[in-house]
Amino acid sequence: MGCIVSKRETETVNPIVQKLNEEADNQIKVLLLGAGESGKSTIFKQMKIIHKNGFTIEDLKAYKSTVRNNIVKSMKSLITAAYSFNYKINGQKNVEAAEFISSIDEVALVDIGRLWTVSLADQLRLLWLDPSIQAAYRKRHLFQLDESAPYYMKNIERISKEDYLPTQEDVLRTRVKTTGIVEMEFRLAHKLVYMLDVGGQRTERKKWLHCFEAVSAVIFVISAPEYDLKCYEDNHTPRMNESLNLFWETINSNWFPQTPIIVFLNKMDIFKEKLVHSPMKDAFPEYNGGANLEAGIAFLEEKLRERSKFNNISAVVPVSATDTRSLQIAFNAIEGTLLKCKPGKKYLAS
67 MGCIVSKRET ETVNPIVQKL NEEADNQIKV LLLGAGESGK STIFKQMKII
117 HKNGFTIEDL KAYKSTVRNN IVKSMKSLIT AAYSFNYKIN GQKNVEAAEF
167 ISSIDEVALV DIGRLWTVSL ADQLRLLWLD PSIQAAYRKR HLFQLDESAP
217 YYMKNIERIS KEDYLPTQED VLRTRVKTTG IVEMEFRLAH KLVYMLDVGG
267 QRTERKKWLH CFEAVSAVIF VISAPEYDLK CYEDNHTPRM NESLNLFWET
317 INSNWFPQTP IIVFLNKMDI FKEKLVHSPM KDAFPEYNGG ANLEAGIAFL
367 EEKLRERSKF NNISAVVPVS ATDTRSLQIA FNAIEGTLLK CKPGKKYLAS
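Per our numbering, the sequence shown runs over residues 67 to 416.
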């Protein structure tokens, strides 16, 4: 008698578990991965703009210091590079400006609000126009420089105003190292998407494993124009080699044999320009596409697909992460893949 009752009880579906599983069927967990400087955190910010109504006024205000901090750091890098190339900065005003900006240390940068003045903004503007700084900028592939430097310098007058409020594009172009795991949830048709952005710098990658369980899809971000750059961490390892090796290690792990892998080939705007003046053949002798953008994309896609032992790369999508429309189009292209993904988690009766 007891056995019969026990059997019936185990056959009865626990209503709480059933509800949880029904909810889980409509949830997908998407992991956003990539090496440092790939632009994945910019893509994460774009999801906030596209799916979460963008940044609030308070959000934008919070980025004011970050924008100005990024500008000063970029100019410090340019001054250091100019001196290392033995370029002479012209004019007493420019020399004094370079000396002052070079003297700003990390401690002072933390309090950029007090440091930033009309005088400092004028010095930054003067130096940006200096021939030696421009010559150093043209050799930016030989040293570490934020890619948003020219954008911010072009907008320095607006950014310098006392009532400056960052725009969404200003925020998208900020560089802030991602530490730990940042989460966001948003609706995609009938699905609830949980997206996780994990730091891509070498010191952060040990945290990736904590996110690998119950993943519905992986979006792996690779910066296409990094083929002639070195890693921030050691200024020696070619960034593209680092990205391709990291891609191989990640997607071929036993966590993802059947998980759809979506690759965003990022920074197409920079890639198109760079192919003209920095031949990709120098980095990859087997490349014969010259400055042709489509040939460059096809070559990198082949490099990626040949590294997938599970043959589970669903799509390779060219994007420009700082362009909201580009990201919207890219996300529309992969929406079908995401909606067909298996749910990230199932609940079992205990």
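Cβ coordinates follow ideal geometry from the N, Cα and C atoms, glycine included.
- Selected residue, minimal CA-CA separation from Lys220, among Ser143, Tyr260, Asp171, Ala187: When only C-alpha atoms are compared, the closest one is Ala187.
- With 16 as the cutoff for other CB atoms within 10 Å, does Gln112 come out buried or exposed? By the neighbour-count definition (other C-beta atoms within 10 Å, threshold 16), Gln112 is a buried residue.
- Query: Terminal residues of the continuous beta strand (DSSP E) containing Gln93?
  - Reply: Note, Gln93: beta strand (DSSP E), 93-100.
- What number of angstroms, rounded off, separates the C-alpha of Phe252 from the C-alpha of Leu208? Each residue's Cα considered, the two are about 40 Å apart.
- Identity of the residue in Ile94, Arg239, Asn377 nearest Glu103 by Cα: Looking only at Ile94, Arg239, Asn377, the smallest Cα-Cα distance to Glu103 is reached by Arg239.
- Quick one: any contact between the segment 331-349 and the segment 357-369, if contact means 3 or more CB pairs under 8 Å? Yes, the segment 331-349 touches the segment 357-369.
- If we count the other Cβ atoms within 10 Å of its Cβ and call it buried at 16 or more, is Gly402 buried or exposed? Burial check for Gly402: the Cβ neighbour count within 10 Å stays below 16, so the residue is exposed.
- Message: Using the Cβ count rule (16 or more neighbours within 10 Å means buried), how would you classify Asp236?
- Response: Label assigned to Asp236: buried.
- Task: Determine the closest residue to Ser309 out of Ala128, Asp294, Thr233, Leu175, with distance taken between C-alpha atoms.
- Result: Out of Ala128, Asp294, Thr233, Leu175, Asp294 has the C-alpha closest to the C-alpha of Ser309.
- Query: Exposed or buried, what is Arg122 when buried is set at 16 or more other beta-carbons lying within 10 Å of its beta-carbon?
  - Reply: The sequence shown places Thr at residue 122, rather than the Arg named in the question. Exposed, because fewer than 16 other Cβ atoms sit within 10 Å of the Cβ of Thr122.
- Message: Closer than 8 Å is the cut-off here; do at least three beta carbon pairs connect the segment 193-205 with the segment 91-103?
- Response: Short answer: they don't touch.
- Whole-number beta carbon distance between Phe313 and Arg373, since they are thought to touch under 8 Å: Indeed they touch by this definition, with Cβ atoms about 6 Å apart.
- Message: Checking 8 Å against the spacing of the C-beta atoms, do Met306 and Lys114 come in under that value?
- Response: A distance of 8 Å or more separates the beta carbons of Met306 and Lys114.
- Query: When the Cβ atoms of the segment 282-296 are set against those of the segment 323-337, are three or more pairs found closer than 8 Å?
  - Reply: Enough Cβ pairs lie closer than 8 Å, so yes.
- Item | As assigned by DSSP and simplified to three states, the class of Lys220 | Of the three classes helix, strand and coil, the one that applies to Lys220 here is helix, per DSSP.
- beta strand (DSSP E) runs wholly inside the segment 235-269, at least 3 long, in chain order: If we require 3 residues or more, the beta strand (DSSP E) runs fully inside the segment 235-269 come out as 247-254, 257-264.
- At what residues does the alpha helix (DSSP H) containing Ile145 begin and finish? According to the DSSP assignment, Ile145 belongs to the alpha helix (DSSP H) that extends over 130-150.
- Query: Any contact of the segment 221-233 with the segment 179-194, i.e. 3+ C-beta pairs under 8 Å?
  - Reply: Short answer: they touch.
- Query: Exposed or buried, what is Asp263 when buried is set at 16 or more other beta-carbons lying within 10 Å of its beta-carbon?
  - Reply: Asp263 counts as buried, since no fewer than 16 other beta carbons sit within 10 angstroms of its beta carbon.
- Determine the contact status of Ser214 and Asn135, defining contact as a CB-CB distance below 8 Å. Contact: no.
- Item | DSSP bridge partner residues for Ile327 (one or two, in chain order) | DSSP lists Val284, Ile379 as partners of Ile327.
- Assign Tyr413 to one of three DSSP states: helix, strand, or coil. Below a pLDDT of 50, predicted positions are generally treated as unreliable, and Tyr413, at 39, falls in that range; the measurement from the model is reported next regardless. In the structure shown, Tyr413 sits in coil (DSSP, three-state: anything other than H, G, I, E or B).
- Mind checking Lys118: buried by the 16 CB within 10 Å criterion, or exposed? Result: exposed.
- Just curious, the alpha helix (DSSP H) that Arg204 is in, first and last residue? From DSSP, the alpha helix (DSSP H) with Arg204 extends over 197-204.
- Message: Quick check on this structure: which residue in Ala128, Ser150, Val161 has the alpha carbon closest to the alpha carbon of Gly62?
- Response: A question about residue 62 goes unanswered here, because the residues of the chain that appear run from 67 up to 416.
- Message: Using 8 Å as the threshold, is the C-beta distance between Val133 and Leu175 below it?
- Response: Cβ atoms of Val133 and Leu175: not closer than 8 Å.
- Query: Can the beta-carbon of Ile400 be found closer than 8 Å to that of Val385?
  - Reply: Going by C-beta atoms, Ile400 is not nearer than 8 Å to Val385.
- If you compare alpha carbons, which of Met346, Val281, Tyr260, His343 is closest to Phe110? Residue nearest to Phe110 within the set Met346, Val281, Tyr260, His343 is Tyr260 (criterion: CA-CA distance).
- Message: Quick check on DSSP: helix, strand or coil for Asn160?
- Response: Looking at Asn160 - three-state DSSP - the assignment turns out to be helix.
- Item | Closest residue to Ala163 among Leu192, Ile317, Trp274, Ala147 (Cα-Cα distance) | Among Leu192, Ile317, Trp274, Ala147, the Cα nearest to that of Ala163 belongs to Leu192.
- Query: Could you check where the alpha helix (DSSP H) with Gln394 kicks off and where it finishes?
  - Reply: For Gln394, the uninterrupted alpha helix (DSSP H) run begins and ends at 390-405, by DSSP.
- Query: Thinking C-alpha only, which one of Cys277, Lys375, Trp321, Pro304 is nearest Asp348?
  - Reply: Of the candidates Cys277, Lys375, Trp321, Pro304, the one whose C-alpha sits nearest the C-alpha of Asp348 is Pro304.
- Query: Are the beta-carbon atoms of Leu211 and Leu144 separated by less than 8 Å?
  - Reply: Going by C-beta atoms, Leu211 is nearer than 8 Å to Leu144.
- Query: Would Thr325 pass as a contact of Ala283 if the rule is Cβ separation under 8 Å?
  - Reply: Going by C-beta atoms, Thr325 is nearer than 8 Å to Ala283.
- Query: Taking the DSSP output, what are the residues bridged to Lys369?
  - Reply: Beta-bridge pairing links Lys369 to no other residue.
- Going by the beta-carbon positions, is the gap between Ile328 and Ile285 smaller than 8 Å? Yes, they are a contact pair.
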